Amino acid sequence: MWLAVTTLFGLAGTIVGLLPVIMVWGGFRAGTVPLGTALLTMVPYCSLMLCPLIAWWMLMRRQYKLALIIASPPIVMWSASVLINAVR
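Numbering (the working numbering), first residue to last: 376 to 463.
Here it is in structure tokens:
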């Protein structure tokens, strides 16, 4: 069960982290987004994509609760954005 939940968190975190990076990178390449703004946007999202990898490492070390905690920021961020869009 821990493996399934962490895998779902990891997949959601990868999608959440990857989409803004792709959009900002496309804007930078098109010339609509300056380099500083692109880096300020991409660095936090790229760091969120590390959460699933670190969580898998924790799973291999049999630290299941810590793996869930590490994998949860991307899914919490995704859930909050869905909730905020629903409230609007």
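Even glycine gets a Cβ: it sits at the ideal position worked out from N, Cα and C.
These numbers come from a predicted model, not from an experiment.
Item: Closest by C-alpha distance to Ile450, when choosing among Met424, Thr416, Met417; Value: Met424
Item: Backbone CA spacing between Leu441 and Met435 [nearest angstrom]; Value: 11 Å
Item: Exposed unless 16 or more other CB atoms sit within 10 angstroms - verdict on Trp406; Value: First, the residue type needs correcting, since residue 406 is Gly and not Trp in the sequence shown. With fewer than 16 Cβ atoms within 10 Å of its Cβ, Gly406 is classed as exposed.
Item: N-terminal and C-terminal residue of the alpha helix (DSSP H) that Gly411 is part of; Value: 410-435
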